[in-house]
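Presented below is the structure to which this report refers.
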Amino acid sequence: MERCFIMILNNALTVSVLIFAIIVLRLLFQKAPKGLICFLWVIVAVKLIVPVPLESTFSLLPNRTPVSVGIVSQQEPMLETGLKPVDAVVNPVIHEQFTSARATGVNVIQVFLHVGTIVWIIGVLGMLAYTVVTYILLKRRVRVSIRTEQNTYECDDISGPFIFGIVRPKIYYPSGMVWEEKEFILRHEKAHLKRKDHLWKPLGFVILSIYWFQPLCWIAYILFCRDIEYACDERATLGEDKQWKADYCQALLNCSVGRKRIAACPVAFGEDHVKGRVKNIMNYKKPAVWIVLLAIAAFAVVSVCFATTKKNDDNVEHNFTCDYGSSKLYSKEDMDEAIQTIMNEFNNWKGCEMHSIRYGSDQTCSEGDNLSWMQELENANDNKETFTECIMFECDFHSPKSDADAGGLNVDEEYTDWQWWLARSEDGPWKLMTWGY
Numbered sequence: 001m002e003r004c005f006i007m008i009l010n011n012a013l014t015v016s017v018l019i020f021a022i023i024v025l026r027l028l029f030q031k032a033p034k035g036l037i038c039f040l041w042v043i044v045a046v047k048l049i050v051p052v053p054l055e056s057t058f059s060l061l062p063n064r065t066p067v068s069v070g071i072v073s074q075q076e077p078m079l080e081t082g083l084k085p086v087d088a089v090v091n092p093v094i095h096e097q098f099t100s101a102r103a104t105g106v107n108v109i110q111v112f113l114h115v116g117t118i119v120w121i122i123g124v125l126g127m128l129a130y131t132v133v134t135y136i137l138l139k140r141r142v143r144v145s146i147r148t149e150q151n152t153y154e155c156d157d158i159s160g161p162f163i164f165g166i167v168r169p170k171i172y173y174p175s176g177m178v179w180e181e182k183e184f185i186l187r188h189e190k191a192h193l194k195r196k197d198h199l200w201k202p203l204g205f206v207i208l209s210i211y212w213f214q215p216l217c218w219i220a221y222i223l224f225c226r227d228i229e230y231a232c233d234e235r236a237t238l239g240e241d242k243q244w245k246a247d248y249c250q251a252l253l254n255c256s257v258g259r260k261r262i263a264a265c266p267v268a269f270g271e272d273h274v275k276g277r278v279k280n281i282m283n284y285k286k287p288a289v290w291i292v293l294l295a296i297a298a299f300a301v302v303s304v305c306f307a308t309t310k311k312n313d314d315n316v317e318h319n320f321t322c323d324y325g326s327s328k329l330y331s332k333e334d335m336d337e338a339i340q341t342i343m344n345e346f347n348n349w350k351g352c353e354m355h356s357i358r359y360g361s362d363q364t365c366s367e368g369d370n371l372s373w374m375q376e377l378e379n380a381n382d383n384k385e386t387f388t389e390c391i392m393f394e395c396d397f398h399s400p401k402s403d404a405d406a407g408g409l410n411v412d413e414e415y416t417d418w419q420w421w422l423a424r425s426e427d428g429p430w431k432l433m434t435w436g437y
């Protein structure tokens, strides 16, 4: 679960740039159709829930994994956002905390990931539990309702109209409403149904439940809910005259007075940001074609630049070959995580150049003596982590060409079959234990 939390953490960090860009676009293109704005929030949702990153040579995201999966085993843990001002502020703090805690034998990064994973899971379960409870309570309130027409019900125990349900959504409105108001309400709620907002809004809340710790995700969800109301108002009032729109706005105001927010999921008439919606309805005019085309072009540029990541070719980026061999014990993903942990250490070896790295063998990794050796090294450092797996890689590299950088290595020499040994506990990250011949 810690590796899953790191993936969620990386998504939460990298999506920040996209959300900020969309907020700026909302301000720049206020005259663009709000249905078009809603599409931008769909792009945010795709970026947050699709596990495989979308790649593009035009991406401006400096790094898709600011938090390395091997950060626990790094000699000097750091974030690699690719933004130097951010790294310059954050990394000294991380290094200071890690160094001071390390003197007492505590791996503060490992503690943070472990505690953070638990807190994250509790938060997700709490958000989902809130959704389930409010859904049940609201269902009880509308169970005594009178059907007035197809898919439409009148209820005594609600203060405002809304759509309830996902598979078979129904429109509910409070008893005693005059016919004129009901006409506007039904027009609005049916517009919601045509736009499938009863599906999009709950989906957005589920995604928010996963990323509940990211403040910008909360802002994105609030603006998304606001934009779907704007888009629905534009659709419901399309082609109507000013007097009709004025009556529609009055019905909107009447429904919002004294109204309590129901829950995160129902789509409701008069639910949110009434002042802004009234202003948008009365001032809305069908935008010129050039505005729409310019908005689409700007949205496309932002999506390509901030919703994708740079193409990543390990052989080009690291300039060495990887031989994964044939293993029944570990997947390519497992090996990539181990290799990344090795490179976190090797990159600190000034002047060294990696040429190739290859997986040892299943036989070597499955031998009990080797796992016991890893455990002895762990215990010798007064650490208490219990390992369940170990892995070994061999590499070829060239040592530095100057005495000042060589350290314990021979100067300007090709090293072959250099071994790297790593171990991990169940569901834990790889930890670099030792290296050499």
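Its first residue numbered 1, the sequence shown is counted upward by one per residue in the UniProt record's numbering.
Quick reminder that beta carbons are idealized off the backbone N, C-alpha and C, glycines included.
This structure is a prediction, so every number in the text was calculated from the model and none was measured.
(message) Quick check on the burial criterion: 16 or more other C-beta atoms within 10 angstroms. Buried or exposed for D233?
(response) buried
(request) Return the chain-ordered ranges of every beta strand (DSSP E) run that is complete within the stretch 383-430 and spans a minimum of 3 residues. (result) 389-398 and 414-424
(request) With a cut-off of 8 Å on the beta carbons, I'd call G368 and S402 a contact; round off their distance for me. (result) At roughly 43 Å, the Cβ-Cβ gap does not stay under 8 Å, so G368 and S402 are not in contact.
(request) Write down every uninterrupted run of the alpha helix (DSSP H) in the stretch 286-333 whose length is 4 residues or greater and which is fully enclosed by it, in chain order. (result) 289-306 and 314-318
(request) Pick helix, strand or coil for C155, following the three-state DSSP scheme. (result) strand
(request) Determine, using beta carbons only, whether E378 and K384 come nearer to each other than 9 Å. (result) yes
(request) Look at the Cβ atom of A220, then the Cβ atom of L36, and state whether they are nearer than 9 Å. (result) no
(request) Rounded to whole angstroms, what's the CA-CA distance from D314 to F320? Just pull it up for me. (result) Any reading at D314 needs caution, since the residue's pLDDT is 42, under 50, leaving its predicted position unreliable; the model's value is listed next. Their backbone Cα atoms lie some 8 Å apart in a straight line.
(message) Which residue marks the beginning of the alpha helix (DSSP H) containing H198, and which one marks its end?
(response) D197 to I210
(message) Could you compute how far the alpha carbon of F393 sits from the alpha carbon of D362?
(response) 11 Å
(message) At the level of alpha carbons, what is the spacing between Y330 and E345?
(response) 22 Å
(message) If you reduce the DSSP assignment to three classes, tell me which class G276 lands in.
(response) helix
(message) Judging by CA-CA distance, which residue of Y211, F205, I23 and N254 is the nearest neighbour of V119?
(response) Y211
(request) Using alpha carbons as the reference points, say which of T341, I342 and I22 lies closest to residue 438. (result) Any property of residue 438 remains undetermined from this structure, which presents the chain solely from 1 to 437.
(message) Can you tell me whether L40 is buried or exposed? The criterion is at least 16 other CB atoms within 10 Å of its CB, across all chains shown.
(response) buried
(request) Return the residue from the list H198, E154, P174 and C217 that minimises the CA-CA distance to I49. (result) C217
(request) Going by CA-CA distance only, name the one from L61, V17, S209 and A246 that's closest to A129. (result) S209
(request) Less than 8 Å between the CB atoms is what I'm expecting for R235 and A191, so what's the real figure, rounded? (result) 4 Å
(message) Can you tell me whether F184 is helix, strand or coil according to DSSP?
(response) helix
(request) Using a threshold of 9 Å, state whether the C-beta atoms of I185 and C255 are closer than that. (result) yes
(request) Using a Cβ cut-off of 9 Å (strictly closer), state whether L422 contacts chain B. (result) No chain B appears in this structure, which consists of one protein chain only.
(request) Specify the secondary structure class of L36 as computed by DSSP and reduced to three states. (result) helix
(request) Quickly, what does DSSP pair E353 with across the bridge? List them, please. (result) H398
(request) Take the Cβ of M1 as the centre, count every other Cβ of all protein chains shown within 10 Å, and call the residue buried at 16 or more, exposed below. (result) exposed
(request) Look at the alpha carbon of E96 and the alpha carbon of H114, and state the distance between them as a whole number of angstroms. (result) 20 Å
(message) Taking 9 Å as the threshold (C-beta atoms), are Y153 and Y135 in contact?
(response) no
(request) Look up G436 in the DSSP assignment and say whether it is helix, strand or coil. (result) strand
(request) Quick one: using the 10 Å Cβ neighbour count with 16 as the cut-off for buried, is I222 buried or exposed? (result) exposed
(message) At the level of alpha carbons, what is the spacing between N410 and M374?
(response) 27 Å
(request) Give the straight-line distance between the Cα atoms of F162 and I207, rounded to the nearest whole angstrom. (result) 22 Å
(message) Let's test the definition: count the other Cβ atoms within 10 Å of the Cβ of I19 and tell me whether it reaches 16, buried, or not, exposed.
(response) buried
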